[in-house]
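Have a look at the structure below before the remarks.
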Amino acid sequence: MKATLIIRDRLIFQDGAILEIKVWHVPVSVPPASHFLKYSLFYGRPGERIVGYDNERGKGDHRHYDDREEGYAFVSIEQLLADFRLDVEKVRGERI
């Protein structure tokens, strides 16, 4: 069984910033995570990540924010999306 794309969303803001969300259901968890999701959440500009959440193999769930990479405590896809949105809203200074 292959990975199944379950969420794909892309938004380009008038100032040129890009928000892109991709979430897949995977048949086997991506170590060291125990959930069955692979995700890539990006906010930034071409060549510049400002906010990002992903679960790269070997690194597990983590986020990129303010030029730092730190672990992220995954609870649910809903919470992940809410946390990402909050971070993007903080950076943009407006609700999205």
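When we follow the numbering used here, the leftmost residue of the sequence shown carries the number 913, and every step to the right adds one. Note that beta-carbon positions come from the ideal geometry of N, C-alpha and C, so glycine has one too.
Can you tell which of the options has its C-alpha closest to the C-alpha of residue i?
{"i": "L993", "options": "E968, G972, A945 and Y955", "result": "Y955"}
{"i": "G983", "options": "N967, R997 and I989", "result": "N967"}
{"i": "R975", "options": "P958, R997 and G959", "result": "R997"}
{"i": "I989", "options": "K971, R961, W936 and R1007", "result": "W936"}
{"i": "E1001", "options": "A929, V938 and D973", "result": "A929"}
I need the boundaries of the beta strand (DSSP E) containing residue i, first residue and last residue.
{"i": "R922", "result": "T916 to I924"}
Name the DSSP beta bridge partners of residue i, please?
{"i": "I930", "result": "I924 and G956"}
Which word fits residue i, buried or exposed, when buried means at least 16 other C-beta atoms lie within 10 angstroms of its C-beta?
{"i": "K914", "result": "exposed"}
Open item on the list: Which complete alpha helix (DSSP H) runs does the region 936 to 993 hold, if anything under 4 residues is left out?
Closed with: None, since the region 936 to 993 contains no complete alpha helix (DSSP H) of that length.
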